[in-house]
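**Q**
Residue numbers (this note's numbering): 1 to 246.
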C-alpha cells in the first residue's frame with residue numbers, strides 16, 4: 001500500500017512491528033501518508049483509520065483503541081459493518097477478504113485482497129497503482145492471483161456504516177487466558193472411528209493441543225491454532241480440515 005501511494009506522488013512511511021510469534025499470531029503495522037515529507041518516526045497512536053485482517057481479532061485485541069472520533073475501520077468480515085461486533089464513534093466497512101483470498105490465491109492470505117477494499121472505501125489510491133506495486137513485488141501467476149484478489153475485493157466491499165449507536169467492544173482477556181482458537185481459519189475435525197491411535201498427531205502438534213484418551217486422539221480446540229500439521233500427518237486421513245464459519 002505504501003508503494004502504491006508513493007507511485008501517486010504521496011510521501012509514505014510504513015512501520016511493521018512484530019516479534020517471533022508463529023504465523024497466525026496477532027501482529028500490527030503502521031502507515032503514514034502525506035503530501036509533505038514525513039519526519040516523525042514514532043508508532044501511530046491515534047490513527048484516522050484501522051484495517052483489521054482477522055474477523056475475530058477484536059475478541060482478544062482492542063483493535064479500535066486510539067482511533068480518532070469519526071474515523072474508519074475496514075475489517076475482513078463476512079457480514080456487514082453493523083454485524084462485526086464493533087461499536088463506537090466511527091464508521092465500519094467490511095469485505096469477506098478470507099473467502100476472496102481462498103478463491104483467487106488458494107490460501108487465506110488476506111493482506112492483498114484488503115488493499116482493493118481500501119481503495120474502494122477511501123478513494124485515496126487507484127487500482128492501477130496497487131497493481132503496479134503488486135507487479136513490482138511478484139511476477140507471473142502469483143502477481144496475477146493477487147491482482148485478481150484486489151479487484152474482486154474492490155467490487156465486493158460493503159459501504160461504510162455508522163456504528164456510534166452500538167456498544168464498544170470489550171476485551172477482558174487476562175494474562176494466560178488468551179484463547180488462540182480465534183487465530184485459525186480452518187479447524188481440524190477428527191473422525192474417531194478412523195483413528196488408529198498411532199499418536200503421530202499427538203507427537204507432532206506444535207501447540208500440544210492434542211492428547212490421547214483411551215488410545216484415541218482428542219483435540220483441545222482452545223489451544224488449537226489451525227496449523228494443519230495433524231491433518232497433513234495423519235496416515236489414515238482421520239482428520240479433516242474444515243473452514244471456520246462466523
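The C-beta atom is built at its ideal place from N, Cα and C for all residues, glycine as well.
I'd like the span of the alpha helix (DSSP H) that includes residue 99, first residue to last.
**A** Taking the first residue of the chain shown as position 1, residue 99 is located at position 99. Here the alpha helix (DSSP H) through residue 99 covers 97–104.
**Q** Starting from the C-beta of residue 12, find all residues in its chain whose C-beta is less than 6 Å away, skip the five residues before and the five after it, and write them out in chain order.
**A** For this step, residue 12 is matched to residue 12 along the chain shown. Same-chain partners within the cutoff: 2, 5, 6 and 33.
**Q** Taking just the CA atoms, how far does residue 84 sit from residue 55?
**A** In the chain shown, counting from the first residue as 1, residue 55 sits at position 55. In the chain shown, counting from the first residue as 1, residue 84 sits at position 84. Their Cα atoms are separated by approximately 8 Å.
**Q** Counting Cβ pairs closer than 8 Å, one from the stretch 92–108 and one from the stretch 67–83, do we hit at least three?
**A** Flag = yes, the stretch 92–108 and the stretch 67–83 touch.
**Q** For a quick check, are the C-beta atoms of residue 67 and residue 169 less than 8 Å apart?
**A** Translated into positions along the chain shown, residue 67 becomes position 67. Translated into positions along the chain shown, residue 169 becomes position 169. Result no, Cβ atoms of residue 67 and residue 169 do not sit closer than 8 Å.
**Q** Within the chosen definition, does the stretch 118–132 reach the stretch 180–192 through at least 3 CB pairs nearer than 8 Å?
**A** Touching, no, given that fewer than three Cβ pairs across the two stretches are closer than 8 Å.
**Q** Which residue wins for smallest C-alpha separation from residue 216, given the options 179, 198 and 203?
**A** Translated into positions along the chain shown, residue 216 becomes position 216. Looking at the Cα atoms, 198 is the closest of the given residues.
**Q** To the nearest angstrom, how far is it from the Cα of residue 246 to the Cα of residue 125?
**A** Working through the chain shown from its first residue, we reach residue 246 at position 246. Working through the chain shown from its first residue, we reach residue 125 at position 125. Rounded to the nearest angstrom, the two C-alpha atoms are 30 Å apart.
**Q** In angstroms with no decimal places, state the Cα-to-Cα distance between residue 133 and residue 225.
**A** Here residue 133 is taken as the residue at index 133 of the chain shown, counted from 1. Here residue 225 is taken as the residue at index 225 of the chain shown, counted from 1. C-alpha separation (whole angstroms): 31 Å.
**Q** Identify whether residue 169 lies in helix, strand or coil by the three-state DSSP scheme.
**A** Start at 1 with the first residue of the chain shown, and residue 169 comes out as number 169. Reduced to three states, the DSSP call for residue 169 is coil.
**Q** Beta-carbon within less than 8 Å of residue 166's beta-carbon, same chain only, minus the 5 sequence neighbours each way: which residues are those?
**A** Here residue 166 corresponds to residue number 166 of the chain shown, with the count starting at 1. Taken in chain order, the residues that qualify are 82, 86, 87 and 88.
**Q** Note down the Cα distance separating residue 202 from residue 242, rounded to an integer number of angstroms.
**A** Mapped onto the chain shown, residue 202 falls at position 202. Mapped onto the chain shown, residue 242 falls at position 242. Cα to Cα, the separation comes out at about 19 Å.
**Q** Using 10 angstroms around the beta-carbon of residue 164, count the other beta-carbons present and answer buried if the total reaches 16, otherwise exposed.
**A** Walking along the chain shown from the start, residue 164 turns up at place 164. Per the 10 Å Cβ criterion, exposed.
**Q** Ignore the nearest five residues each way along the sequence and tell me which others in residue 8's own chain have a CB closer than 8 Å to its CB.
**A** Looking up residue 8 in the chain shown gives position 8. So the list reads 125, 126 and 129, once near-sequence residues are dropped.
**Q** In or out: residue 104 buried (at least 16 other Cβ within 10 Å) or exposed?
**A** On the chain shown, position 104 is the one that residue 104 refers to. Buried, because 16 or more other Cβ atoms sit within 10 Å of the Cβ of residue 104.
**Q** Can you tell me whether DSSP reads residue 17 as helix, strand or coil?
**A** Within the chain shown, numbered from 1, the residue matching residue 17 stands at position 17. Looking at residue 17 - three-state DSSP - the assignment turns out to be strand.
**Q** Skipping 5 residues on each side, what residues in its chain have a beta carbon closer than 6 Å to that of residue 159?
**A** To locate residue 159, count along the chain shown from 1; it is residue 159. No residues qualify anywhere along the chain.
**Q** Entirely within the stretch 9–97 and at least 3 residues each: give me those beta strand (DSSP E) ranges in chain order.
**A** DSSP runs (the beta strand (DSSP E)) wholly in the stretch 9–97: 11–17, 28–34, 49–52, 71–76 and 90–95.
**Q** Based on the DSSP output, what are the partners of residue 217 in its beta bridges?
**A** As a first step, residue 217 must be located in the chain shown, where it is residue number 217. Its beta-bridge partners are 212.
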